[in-house]
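Participant: In the UniProt record's numbering, the protein residues as written are 1 to 360.
A virtual CB, placed ideally from N, CA and C, is assigned to each residue, including glycine.
All of these numbers come straight from a predicted model, not from anything done at the bench.
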C-alpha cells in the first residue's frame, strides 16, 4: 500500500514537472513560497455627494483661473413664527397697518390707546350722540365758508397788525367780563369756593388791572375757570345731549343751546344799550376769539374728516369741562394744550349782535 502511494506521488510530480516545463515555471518544490507584495495604493476619498440643485461645475483648463460660483443664501427650513393676537392697545395703535391722517389726528387728541375711531369708545369717553349729522355736516361747510371768507382773514390781519401785548390786553378784557357769569353758574352748581374766586378775579382785575386789561388776579394765584349755564345743566343731570352745529356759533350741543339762552341776559356786554358801543365791542370779541384759534388751523387742514375731528375734539373738551373735576384729579393734564380753556375758546353768546329792543 505504501508503494502504491509513493507511485502516485511520483506520477503527480512528473505531471507537474511537465506542466512547469511548458510554462517556464520552476518546479514546485524548488519555487520559494510567494511572499505577497503590497503595492502602495492611493485610495481616493469619496467626494461628498452634492445636492441635486447645485451641480458640480466642469473642471477649468489649467491656464484659466478658477472662479467661485456665486453662492445663494440657504434659508433654513424653519416654520413661520406663530402670530400672537395683538392686544387691545396694539390694535388701537396699528389697526390697519399704516395709520391714516385721521387716525393720527385721533391719536393726537385721545392718545394712543383710543387712536382708532373705528373702535368702540371707552366707558370714560362715551360715543358722540350725533343723530343730526347730515344737517350738521351741511352747516359745518357753511360755517367753514364764512370762516375762510371773513373770520380767518380778519383774524390774520388782526394778528399781523396789532402787537401781541395789545392782543393779550383785549383777551384779558373780555375774559374779565365773563367772570360774573362764571361766578353765578358756580353757585348754581354748588361750588361756593369757585364762585368766590371768580368774583375775586373780577374785582381785582377790574380795579388794579385797569378794567381787566391786565391780569393781576393770576399773579395772586386765583384760578381762572369758566362756567356757563350749559355746564350747569350738565351738573344738574342733563349729561348726554345730541351734538348740533349752529350757524356762526359753531359746535354746540342741544343742552348748550339752551344754556346760551340762560347766559345771555347775565352778560355785562349785553347791558350796553348803545349800538355804536356794543356792536364794535362784539365784533372785536369775535376777532379776538378767532385769532386765538389760528393755531389749530394747520391741525384741522391735515385731517381727512374735518367735521368729525372738530366734533369729537369739542365734545371731549366739553365733557371734561362739565365732568372732569368730578373724576380723578390726575385727569387734569389729559387734554392737549390746544383744548384747554385759554387756547380754544368758543364763540361767546354775548359776542353775537342782537337787535335792540328799546330803539337805543
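Can you check which of these residues, 177, 242 and 249, is closest to residue 143 by C-alpha distance?
Facilitator: With distances taken between Cα atoms, residue 143 lies closest to 249.
Participant: Just to confirm, is the Cβ distance from residue 231 to residue 292 under 7 Å?
Facilitator: It is not a contact, given that the beta carbons lie outside the stated cut-off.
Participant: Measuring only the C-alpha atoms, how far is residue 253 from residue 238?
Facilitator: Their backbone Cα atoms lie some 11 Å apart in a straight line.
Participant: Give the DSSP bridge partners of residue 251, in chain order.
Facilitator: According to DSSP, which records beta bridges pairwise, residue 251 is partnered with 245.
Participant: Which term fits residue 204, buried or exposed, when burial requires 16 or more other beta carbons within 10 angstroms of its beta carbon?
Facilitator: Residue 204 should be labelled buried.
Participant: Determine the closest residue to residue 130 out of 269, 226 and 240, with distance taken between C-alpha atoms.
Facilitator: Residue 240 is the option with its Cα nearest to residue 130.
Participant: Give the straight-line distance between the Cα atoms of residue 302 and residue 137, rounded to the nearest whole angstrom.
Facilitator: Residue 302 and residue 137: Cα-Cα distance of roughly 18 Å.
Participant: Helix, strand or coil for residue 306? Go by DSSP, reduced to three states.
Facilitator: Looking at residue 306 - three-state DSSP - the assignment turns out to be helix.
Participant: Using the C-alpha atoms, what's the distance from residue 190 back to residue 149?
Facilitator: Computed Cα separation, rounded: 43 Å.
Participant: Is DSSP giving residue 314 helix, strand or coil here?
Facilitator: Helix at residue 314.
Participant: With distances taken Cα to Cα, identify the nearest neighbour of residue 310 among 268, 243 and 275.
Facilitator: Nearest C-alpha to residue 310: 243.
Participant: Since residue 267 and residue 181 should fall inside the 8 Å C-beta cutoff, what is the C-beta to C-beta distance between them, to a whole number of angstroms?
Facilitator: Confirmed, about 6 Å.
Participant: Once DSSP output is grouped into helix, strand and coil, what is the label at residue 218?
Facilitator: In the structure shown, residue 218 sits in a helix (DSSP, three-state: H, G or I).
Participant: Using the beta-carbon count (16 or more within 10 Å), is residue 155 buried or exposed?
Facilitator: It is buried - the Cβ of residue 155 has at least 16 other Cβ atoms within 10 Å.
Participant: In this structure, does DSSP put residue 209 in helix, strand or coil?
Facilitator: Residue 209: coil per DSSP, three-state reduction.
Participant: How should residue 215 be labelled, buried or exposed, when 16 other C-beta atoms within 10 angstroms of its C-beta is the threshold for buried?
Facilitator: That one is buried.
Participant: Can you tell me whether residue 162 is helix, strand or coil according to DSSP?
Facilitator: In the structure shown, residue 162 sits in coil (DSSP, three-state: anything other than H, G, I, E or B).
Participant: Measuring straight from C-alpha to C-alpha, what distance separates residue 314 and residue 297?
Facilitator: Cα-Cα distance, rounded: 15 Å.
Participant: Kindly list the residues whose CB is nearer than 7 Å to the CB of residue 335, restricted to its own chain and excluding five residues on each side of it in sequence; keep chain order.
Facilitator: Residue placement at residue 335 is poorly supported in this model, since its pLDDT is 46, which falls under 50; the coordinates still yield a value, given next. So the list reads 317 and 320, once near-sequence residues are dropped.
Participant: Could you pull the start and end residues of the alpha helix (DSSP H) that residue 236 belongs to?
Facilitator: That run of the alpha helix (DSSP H) goes 229-236.
Participant: Please state whether the Cβ-Cβ distance between residue 437 and residue 222 is less than 7 Å.
Facilitator: Any question about residue 437 goes unanswered here, given that the chain covers just 1 to 360.
Participant: Would residue 259 be called buried (16 or more neighbouring beta carbons within 10 Å of its own) or exposed?
Facilitator: Result: buried.
Participant: Can you grab the Cα-Cα spacing for the pair residue 282 / residue 271, in whole Å?
Facilitator: If you take the alpha carbons of residue 282 and residue 271, they lie about 12 Å apart.
Participant: Per DSSP, what kind of secondary structure is residue 240 in: helix, strand or coil?
Facilitator: Of the three classes helix, strand and coil, the one that applies to residue 240 here is coil, per DSSP.
Participant: Could you give the residue range of the alpha helix (DSSP H) that holds residue 286?
Facilitator: Residues 275-292.
Participant: Under a three-way DSSP split, which group does residue 145 fall into?
Facilitator: Residue 145 falls in the helix class under three-state DSSP.
Participant: What residue range does the alpha helix (DSSP H) around residue 180 cover?
Facilitator: Run containing residue 180: 179-188, per the alpha helix (DSSP H) assignment.
Participant: Is the beta carbon of residue 172 closer than 7 Å to that of residue 212?
Facilitator: Yes.
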